[in-house]
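First to last, the sequence lines map onto chains A and B.
Using the UniProt record's numbering, the letters of the first sequence correspond one by one to residues 1 to 392.
Using the UniProt record's numbering, the letters of the second sequence correspond one by one to residues 1 to 84.
Even for Gly, the Cβ is constructed at its ideal location relative to N, Cα and C.
Reviewing the structure listed below.
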Amino acid sequence: MDKGKISAQQFALMMYLFIIGTAALVQPHTLVSIAGQDAWFSVIIVGIIQLGLITLYMKLGFRYPQQTIIQYGRLLTGKWFGSAIAVVYMLYFLILTAFVTRNIGNFIGSVVLPQTPLVVNMVVILIPVVYGCYLGIEVIGRTGEILFPWAMVVFVITALLLIPKMHPGELFPMFPEGVMPAVKASYPLLGFPSLEISICLLLIPFVQNQQKIKKYFYITSVATLISGTLLSVITIMVLGVDMTARSPYAVYDVAREIRVERVLERAEVIVGIIWLITSFMKLLICFYGTVIATVQCFDVINYKNLVIPFSFLLLPLSLWVLRNTAELEWSGIVYPMMALFPGFVIPAVLLIVGNFRGRGSGQKQGSVAQSQPHSQSQSQPQPHLQPQPQPE
Amino acid sequence: MGPDYIITAVTFMAVILNFIALRRKASKKDLWSSTTILLFGGFLYMMLIMDIPLPSFVSVMGHIFGPLAKPVMNWVTEGKVVHG
Numbered sequence: 001m002d003k004g005k006i007s008a009q010q011f012a013l014m015m016y017l018f019i020i021g022t023a024a025l026v027q028p029h030t031l032v033s034i035a036g037q038d039a040w041f042s043v044i045i046v047g048i049i050q051l052g053l054i055t056l057y058m059k060l061g062f063r064y065p066q067q068t069i070i071q072y073g074r075l076l077t078g079k080w081f082g083s084a085i086a087v088v089y090m091l092y093f094l095i096l097t098a099f100v101t102r103n104i105g106n107f108i109g110s111v112v113l114p115q116t117p118l119v120v121n122m123v124v125i126l127i128p129v130v131y132g133c134y135l136g137i138e139v140i141g142r143t144g145e146i147l148f149p150w151a152m153v154v155f156v157i158t159a160l161l162l163i164p165k166m167h168p169g170e171l172f173p174m175f176p177e178g179v180m181p182a183v184k185a186s187y188p189l190l191g192f193p194s195l196e197i198s199i200c201l202l203l204i205p206f207v208q209n210q211q212k213i214k215k216y217f218y219i220t221s222v223a224t225l226i227s228g229t230l231l232s233v234i235t236i237m238v239l240g241v242d243m244t245a246r247s248p249y250a251v252y253d254v255a256r257e258i259r260v261e262r263v264l265e266r267a268e269v270i271v272g273i274i275w276l277i278t279s280f281m282k283l284l285i286c287f288y289g290t291v292i293a294t295v296q297c298f299d300v301i302n303y304k305n306l307v308i309p310f311s312f313l314l315l316p317l318s319l320w321v322l323r324n325t326a327e328l329e330w331s332g333i334v335y336p337m338m339a340l341f342p343g344f345v346i347p348a349v350l351l352i353v354g355n356f357r358g359r360g361s362g363q364k365q366g367s368v369a370q371s372q373p374h375s376q377s378q379s380q381p382q383p384h385l386q387p388q389p390q391p392e
Numbered sequence: 001m002g003p004d005y006i007i008t009a010v011t012f013m014a015v016i017l018n019f020i021a022l023r024r025k026a027s028k029k030d031l032w033s034s035t036t037i038l039l040f041g042g043f044l045y046m047m048l049i050m051d052i053p054l055p056s057f058v059s060v061m062g063h064i065f066g067p068l069a070k071p072v073m074n075w076v077t078e079g080k081v082v083h084g
């Protein structure tokens with residue numbers, strides 16, 4: 001296992017970049033095509049659900065703050081069920097990483113480098129990701145810290161430059177068909193990216209000052225809600241409903257509208273930079289999560305031995321997950337169903353089982369709090385079912 | 001086609017080099033896990049470039065969740081504002 005540690009602030013920044021990730025670019029298109037000008041309301045609905053999911057993850061994560069979900073999954077449900085849970089998480093994060101790689105490859109291939117083969121685009125983005133993962137969680141945390149201010153500065157400047165092009169009238173009439181279209185549009189957003197936040201259950205053990213996680217994580221969630229809503233509102237006000245729904249990378253197309261006299265034109269690449277920053281971080285965290293899940297699933301000793309093999313698996317996997325763009329819309333329906341198990345069902349079941357077993361063993365053993373070493377193996381003979389003291 | 005052959009060759013070179021490198025210094029679990037992942041990646045890539053009719057992940061999931069996914073698809077797209 002990686003012995004590195006990150007601070008709660010680094011964790012929060014990583015999660016912000018993870019949640020915004022690839023969703024920032026493709027989200028307005030998906031939402032607006034279903035909900036029209038009320039797409040911003042879908043982001044708010046999903047943001048509220050996301051807060052509930054984060055509460056669930058925090059409750060579960062803080063019961064066993066020195067272990068990942070794979071480790072306490074085995075402790076709580078036994079060897080066979082625990083191994084099944086480990087395999088589910090390993091495959092889920094592997095597929096997620098492949099999806100993100102494919103999204104980035106598609107984006108670069110369709111708008112930035114149209115004549116470059118898809119495989120080459122994906123190899124180029126995978127090289128720094130593999131190197132970052134090889135260097136460990138501390139480097140990933142510091143990368144997030146360095147990249148976050150740049151992404152924010154570019155986002156704010158872009159938003160300010162777009163003010164003259166905004167037409168608030170595009171947002172009206174509000175809710176012409178009631179709130180149901182907005183509720184429906186929130187469905188694809190639930191799977192991508194809200195349920196993916198379950199990756200935090202693999203990262204919490206690496207955080208040093210865990211008592212601050214809760215506060216920062218909630219701030220992060222609210223910040224992503226605000227950013228997502230702003231992105232939708234700006235896109236609709238600049239491009240209008242029709243154009244946003246027809247453009248697969250609406251946020252990128254919005255930046256094409258930036259024109260400051262004849263001094264500043266073709267600023268869309270600047271937006272491309274933000275998007276590559278957030279997507280890079282998302283891919284890096286997903287890749288790291290996949291490697292850590294596999295290491296714990298198969299009791300591998302050195303995680304670095306799996307980093308390069310996974311990069312060779314990811315490339316064909318990202319070509320295989322989607323064979324054509326027609327499947328993209330179908331994946332928006334199917335993916336949330338798949339993500340529901342690792343993102344909600346398994347954590348909820350583990351929390352309930354943990355509560356029951358913790359209570360049961362608490363009655364038998366008294367209230368002796370356990371203290372486990374960080375690098376504890378899953379195969380220890382004595383299961384520790386008592387929750388650790390929760391950081392407040 | 002060029003990059004495909006290069007990547008396939010690199011993948012199988014990686015399998016061999018990885019095996020040689022890890023055989024001496026890593027545990028057996030590490031060695032076999034990494035070799036299996038590499039081989040799986042290599043064969044999947046070969047199947048893709050040889051156009052073997054492999055259903056994509058999304059279509060596999062579509063079959064698994066089909067009975068549930070179709071009504072959801074109808075519900076979500078019903079009254080869709082813009083058909084982009």
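Check	Outcome
Going by C-alpha to C-alpha distance, which of A:Gly169, A:Phe217 and A:Ser194 sits closest to methionine 337 (chain A)?	A:Ser194
Could you please give the first and the last residue of the uninterrupted alpha helix (DSSP H) stretch that includes tyrosine 218 (chain A)?	213 to 246
Answer with yes or no whether the minimum CB distance from alanine 26 (chain B) to chain A is below 8 angstroms.	yes
Within the continuous alpha helix (DSSP H) that includes residue 403 (chain A), where are the two ends?	Nothing about residue 403 (chain A) can be reported from this structure: the residues present for chain A run from 1 to 392 only.
Please state whether DSSP places leucine 322 (chain A) in a helix, a strand or coil.	coil
Can you check whether the CB of valine 43 (chain A) is closer than 8 angstroms to the CB of glycine 228 (chain A)?	yes
Could you tell me which residues DSSP puts in a beta bridge with glycine 178 (chain A)?	A:Pro176
Output, in sequence order along the chain, the residues in the segment 312 to 343 of chain A whose CB is closer than 9 angstroms to any CB in chain B.	Phe312, Leu313, Leu314, Leu315, Pro316, Leu317, Leu319, Trp320, Val321, Leu322, Arg323, Asn324, Glu327, Leu328, Glu329, Trp330, Ser331, Gly332, Ile333, Val334, Tyr335, Pro336, Met337 and Met338
Hey, would you say glycine 61 (chain A) sits closer than 8 angstroms to cysteine 200 (chain A), going by beta carbons?	yes
Can you have a look at glutamate 196 (chain A) and say buried or exposed, based on whether 16 or more other CB atoms are within 10 angstroms of its CB?	buried
Among A:Tyr216, A:Ala86 and A:Leu322, whose alpha-carbon lies nearest the alpha-carbon of cysteine 297 (chain A)?	A:Ala86
Looking at the unbroken alpha helix (DSSP H) that takes in aspartate 30 (chain B), where does it start and where does it end?	28 to 49
What are the start and end residues of the alpha helix (DSSP H) that includes glutamate 78 (chain B)?	Per DSSP, glutamate 78 (chain B) belongs to no alpha helix (DSSP H) and is neither H nor E.
Might you give, ordered along the chain, the residues of its own chain that have their beta carbon closer than 7 angstroms to the beta carbon of lysine 59 (chain A), omitting 5 neighbours on each side?	Leu351
Does the Cβ of asparagine 74 (chain B) have 16 or more other Cβ atoms within 10 Å, making it buried, or fewer, making it exposed?	exposed
Who are valine 260 (chain A)'s beta bridge partners in DSSP?	A:Leu264
Using a Cβ distance threshold of 8 angstroms, determine whether the segment 304 to 323 of chain A contacts the segment 36 to 44 of chain B, with at least three qualifying pairs required.	yes
Across the segment 236 to 254 of chain A and the segment 13 to 31 of chain A, are there enough close Cβ pairs to call them in contact, namely three or more that are closer than 8 angstroms?	yes
Is it buried or exposed for glycine 42 (chain B), if we count other Cβ within 10 angstroms and need 16 for buried?	buried
When you check each C-beta in the segment 169 to 191 of chain A against every C-beta of chain B, which residues fall closer than 9 angstroms?	Glu177, Met180, Pro181, Lys184, Ala185, Tyr187 and Pro188
Using 8 angstroms as the threshold, is the C-beta distance between leucine 161 (chain A) and isoleucine 258 (chain A) below it?	yes
Under the three-state reduction of DSSP, which class applies to valine 349 (chain A): helix, strand or coil?	helix
Within 8 angstroms of any Cβ in chain A, is that where the Cβ of tyrosine 5 (chain B) sits?	no
Please give me, in chain order, every unbroken run of the alpha helix (DSSP H) with length at least 4 that falls completely inside the segment 116 to 193 of chain A.	118 to 135, 137 to 162 and 180 to 191
Exposed or buried, which one is arginine 63 (chain A) when buried takes at least 16 other CB atoms within 10 Å?	buried
How big is the Cα-Cα spacing for leucine 328 (chain A) and methionine 243 (chain A)?	19 angstroms
Scan the segment 67 to 79 of chain B for residues whose Cβ lies nearer than 9 angstroms to a Cβ of chain A and list them as they occur along the chain.	Leu68, Ala69, Lys70, Val72, Met73, Trp75, Val76, Thr77, Glu78 and Gly79
Note down, in chain order, every chain A residue with its Cβ under 8 angstroms from the Cβ of aspartate 30 (chain B).	Val300, Ile301, Asn302, Asn305 and Leu306
Would you call the CB atoms of isoleucine 346 (chain A) and alanine 39 (chain A) closer than 8 angstroms?	no
In the DSSP output, what is residue 394 (chain A) paired with across the bridge?	As displayed, chain A neither begins before 1 nor continues past 392, which places residue 394 (chain A) out of reach and without an answer.
Closer than 7 angstroms, Cβ to any Cβ of chain B: which residues of the segment 99 to 122 of chain A, in chain order?	Pro117, Val119 and Val120
Return no unless some Cβ of chain B is closer than 8 angstroms to the Cβ of isoleucine 95 (chain A).	yes
Between phenylalanine 310 (chain A) and chain B, is the shortest Cβ-Cβ distance under 8 angstroms, so that the two count as touching?	yes
On a Cα-Cα basis, can you pick out the residue from A:Asn302, A:Ser318 and A:Ala348 that is closest to threonine 29 (chain B)?	Residue 29 (chain B) is actually lysine in this sequence, not threonine. Lysine 29 (chain B) has its Cα closest to that of A:Asn302, out of A:Asn302, A:Ser318 and A:Ala348.
Please determine if the segment 164 to 171 of chain A and the segment 55 to 72 of chain B are in contact, where contact requires at least 3 C-beta pairs separated by less than 8 angstroms.	no
List, in order along the chain, the chain A residues whose C-beta lies closer than 7 angstroms to that of methionine 61 (chain B)?	Val334 and Met338
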